[in-house]
Amino acid sequence: MPETITASFAGIDPLSAVTHPDPYPYYRELAATRPFFRDERLGLWVAAGPREVAAVLAHPACRVRPPAQPVPPALAGSAAGDLFGRLIRMNDGAAHAPLKALLMPMLAAVDPAVAAQQAGAMARVLDEGEAGRVAMPAASVNRWLFALPVLGVAGVLGLPVARDPGGAVGVAQQVAAFAAAQSPLADADAVRAGADAAQWLGTWLAASLAGMAAADGPLPALQHAAHAAGIAPQAVAANIIGLLVQACEATAALAGNTLLWLGRDPAAGEMPLASVVARVAQYDPPVQNTRRFLAEDAGLCGHALKAGDAVLVLLAAASCSGVADDARAWTFGHGRHACPGDKLAQALAAATVAALCARGAEPAALARAFRYRPSLNARIPHFL
Ligand code: HEM
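Everything in the sequence shown is counted per the working numbering, starting at 28 for the first residue and increasing by one.
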């Protein structure tokens, strides 16, 4: 009943929930009482129940981008738009299938434990930039959350990031700038910075790939296979950068929310860190929603949707709903576009939290002073 929801959860809606201090009672209520509905104010259909979320993600008419708008208008025509438009994450077309078929096994072959070791090694590189510090200030925690997972992925891919702290942090900052420009909340400066970052990353990656030998991780083999399959080198390069970008905000959020969980529940400190991270992925998830756009009229969850309609898929509501028996972390998506980096991300988040705590970061202190970064889909703490 809409009225009940409005009365008991005033001031929260499916988008503001992402950065609300405790959106989970609201999500649970939605999943139980309005698992699929139209939010007229937001102009979106909303899927909140696990069955409805699964149905939307599985429906062939539901696409990751509006068919008439493959690239967000703010990015179109820039280096950031070119890069975005080539990402398999942002495409459903058959044209992207061959590259996806090469990328997925490459990622699946990455050993999460090795990625965690890489993140640990990168932490030691970053230590040089923090020399002389006794405790870990919040600003460093924020910086490391955004750097270590990205550099861990770069490390397992064999990209040259381990040379010096300045260079490594520089790469991570460019990745973060490109990631931030993709948000609908990005202002003109952020969009401009994202376009510059996309350009910078393209040049950096080309130089890095040119200097790599076949022994340097999986990328030379990927390039070789892509060339043999007639895939454009620009598409390969964009999707390699895409892996770093996909590791950025969401894994920072998973690690940050794990620090909060540890800070609020001292008993969790006795559990294996991997279990805490898995619990956070389900109950305080980093990616709270994703969107789908109808390519044609279709019946969905008992409603008639029109071509061009948008559906907000509340992964976080499905996760915490308790409605279905098969409780799971929906934050990694499901179906055709499900995240192939889920295990990697959890290993990197755990390694990042471990590295921070080993350097004096105190979860209880961090949990006393933080806010969430403005976002319509990711729940990323920023420590103060
Ligand atoms: C906590 C961290 C992460 C979370 C919560 C996350 C979540 C997601 C979600 C929800 C999707 C699907 C989006 C949709 O269906 O609309 C996705 C797709 C994807 N993710 Fe992740 N991700 C994380 C980390 C990573 C990492 C570390 C990598 C790789 C290095 C990665 C690579 C990808 C790729 C390539 C796709 C696109 C798959 C496709 O479209 O076929 N992700 N991720």
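All C-beta atoms in this analysis are idealised placements derived from N, C-alpha and C, irrespective of residue type, glycine included.
Any chance the CB of residue 254 is under 6 Å from a heavy atom of the ligand ATP?
The ligand ATP is not among the ligands present in this structure, which contains only the ligand HEM.
Inspect the beta-carbon positions of residue 348 and residue 309 and report whether they are closer than 7 Å.
Reading the sequence shown from its first residue, position 321 is the one you call residue 348. Reading the sequence shown from its first residue, position 282 is the one you call residue 309. Contact: no.
Do you know how far the Cα of residue 234 is from the Cα of residue 47?
Against the sequence shown, residue 47 aligns to sequence position 20. Against the sequence shown, residue 234 aligns to sequence position 207. When rounded, the distance between both Cα atoms is 42 Å.
Helix or strand or just coil, what does DSSP make of residue 330?
Locating residue 330 in the sequence shown gives position 303, where the first residue counts as 1. Looking at residue 330 - three-state DSSP - the assignment turns out to be strand.
One question on the structure: do residue 408 and residue 283 come within less than 7 Å of each other, judged by their Cβ atoms?
Counted from its first residue, the sequence shown places residue 408 at position 381. Counted from its first residue, the sequence shown places residue 283 at position 256. A contact, by the Cβ cut-off of 7 Å.
Examine the Cβ distances between the region 135–149 and the region 172–183 and report whether three or more of them are shorter than 8 Å.
These segments touch.
Excluding the 5 residues flanking residue 198 on each side, which residues of the same chain have their C-beta closer than 6 Å to its C-beta?
Taking the sequence shown and counting its residues from 1, one reaches residue 198 at position 171. Cβ neighbours of residue 198 beyond the five flanking positions: 188.
Tell me which residues share the same chain as residue 57 and place their Cβ nearer than 6 Å to its Cβ, disregarding the 5 neighbours each side in the sequence.
The count along the sequence shown starts at 1 and reaches residue 57 at position 30. Around residue 57: 75, 344.
May I ask you to list the residues that DSSP assigns as paired with residue 89?
Taking the first residue of the sequence shown as 1, we reach residue 89 at position 62. Answer is 321, bridged to residue 89.
Tell me whether residue 359, by its Cβ, gets closer than 6 Å to a heavy atom of the ligand HEM.
Walking along the sequence shown from the start, residue 359 turns up at place 332. The answer is yes for residue 359.
Using only the alpha-carbon positions, how far apart do residue 183 and residue 274 sit?
By one-based count along the sequence shown, residue 183 stands at place 156. By one-based count along the sequence shown, residue 274 stands at place 247. Straight-line Cα distance between these residues: approximately 12 Å.
Look at the alpha carbon of residue 202 and the alpha carbon of residue 298, and state the distance between them as a whole number of angstroms.
Position 175 of the sequence shown, counted from the first residue, corresponds to residue 202. Position 271 of the sequence shown, counted from the first residue, corresponds to residue 298. One C-alpha to the other measures close to 32 Å.
Would you call the region 349–368 and the region 73–93 in contact, with 3 or more CB pairs under 8 Å?
Yes, the region 349–368 is in contact with the region 73–93.
When DSSP labels each residue in this structure, what does residue 28 get in the three-state scheme?
Counted from its first residue, the sequence shown places residue 28 at position 1. The predicted position of residue 28 is uncertain, since its pLDDT is 46 and thus under 50; a value taken from the coordinates is nonetheless stated next. Three-state result, residue 28: coil.
With H, G and I counted as helix, E and B as strand and the rest as coil, what does DSSP make of residue 338?
To locate residue 338, count along the sequence shown from 1; it is residue 311. Residue state, collapsed to three classes: strand.
If you draw a straight line from the alpha carbon of residue 385 to that of residue 393, how long is it in whole angstroms?
Position 358 of the sequence shown holds residue 385. Position 366 of the sequence shown holds residue 393. Roughly 15 Å between the two C-alpha positions.
Please return the same chain residues whose Cβ sits closer than 8 Å to the Cβ of residue 266, not counting the five positions on each side in sequence.
Looking up residue 266 in the sequence shown gives position 239. Cβ within range, chain order: 113, 114, 115, 126, 130.
What distance in whole Å lies between the Cβ atoms of residue 314 and residue 358, which are believed to be in contact at a cut-off of 8 Å?
Taking the sequence shown and counting its residues from 1, one reaches residue 358 at position 331. Taking the sequence shown and counting its residues from 1, one reaches residue 314 at position 287. At roughly 5 Å, the Cβ-Cβ gap stays under 8 Å, so residue 358 and residue 314 are in contact.
Given this structure, state the Cα-to-Cα distance separating residue 215 from residue 293, to the nearest angstrom.
For the purposes of this step, residue 215 is identified with residue 188 of the sequence shown, where counting begins at 1. For the purposes of this step, residue 293 is identified with residue 266 of the sequence shown, where counting begins at 1. Rounded to the nearest angstrom, the two C-alpha atoms are 42 Å apart.
According to the neighbour-count rule (16 or more other Cβ atoms, all chains shown, within 10 Å of its Cβ), is residue 61 buried or exposed?
Here residue 61 refers to the residue found at position 34 when the sequence shown is read from its first residue. Residue 61 comes out buried.
Can you find a heavy atom of the ligand HEM that lies under 6 Å from the Cβ of residue 123?
Position 96 of the sequence shown holds residue 123. No.
Closer than 6 Å: is that where the CB of residue 267 sits relative to any heavy atom of the ligand HEM?
Translated into the one-based positions of the sequence shown, residue 267 becomes position 240. No - the ligand HEM has no heavy atom lying nearer than 6 Å to the Cβ of residue 267.
To test your reading of the DSSP string, which unbroken beta strand (DSSP E) runs of 3 or more residues are found completely within the region 111–144?
If we require 3 residues or more, the region 111–144 turns out to have no beta strand (DSSP E) run fully inside it.
Could you tell me which uninterrupted beta strand (DSSP E) segments, each at least 3 residues in length, are contained entirely in the region 357–406, listed from first to last along the chain?
Counting only runs of 3 or more, we get 397–399.
Is the region 82–91 touching the region 223–241, taking contact as three or more C-beta pairs under 8 Å?
Verdict: no, contact absent.
Between residue 324 and residue 88, what straight-line distance do the alpha-carbon atoms span, to the nearest angstrom?
Translated into the one-based positions of the sequence shown, residue 324 becomes position 297. Translated into the one-based positions of the sequence shown, residue 88 becomes position 61. So the two alpha carbons sit approximately 8 Å from each other.
Buried or exposed: where does residue 319 fall if 16 or more other Cβ atoms within 10 Å of its Cβ makes it buried?
Here the question's residue 319 lines up with position 292 in the sequence shown. Classification for residue 319: buried.
Is the separation between the beta-carbon of residue 397 and that of residue 169 shorter than 7 Å?
Against the sequence shown, residue 397 aligns to sequence position 370. Against the sequence shown, residue 169 aligns to sequence position 142. Not a contact, by the Cβ cut-off of 7 Å.
Closest to residue 260 by CA distance: which of 92, 123, 340, 404 is it?
Start at 1 with the first residue of the sequence shown, and residue 260 comes out as number 233. Comparing Cα positions, the closest option is 123.
Spatial neighbours of residue 39 within its chain, please: C-beta separation below 7 Å, excluding the five flanking residues on both sides.
The sequence position of residue 39 within the sequence shown is 12, counting from 1. Counting only Cβ-Cβ distances below 7 Å, and skipping sequence neighbours, we find 47, 50, 53.
Given this structure, state the Cα-to-Cα distance separating residue 300 from residue 186, to the nearest angstrom.
As a working mapping, residue 300 is identified with position 273 in the sequence shown. As a working mapping, residue 186 is identified with position 159 in the sequence shown. Straight-line Cα distance between these residues: approximately 28 Å.
Per DSSP, what kind of secondary structure is residue 166 in: helix, strand or coil?
By 1-based counting over the sequence shown, the position of residue 166 is 139. Correct three-state label for residue 166: helix.
Is it true that the CB of residue 339 sits closer than 7 Å to the CB of residue 137?
What you label residue 137 is simply residue 110 of the sequence shown in a count that begins at 1. What you label residue 339 is simply residue 312 of the sequence shown in a count that begins at 1. No, these two residues do not count as a Cβ contact at 7 Å.
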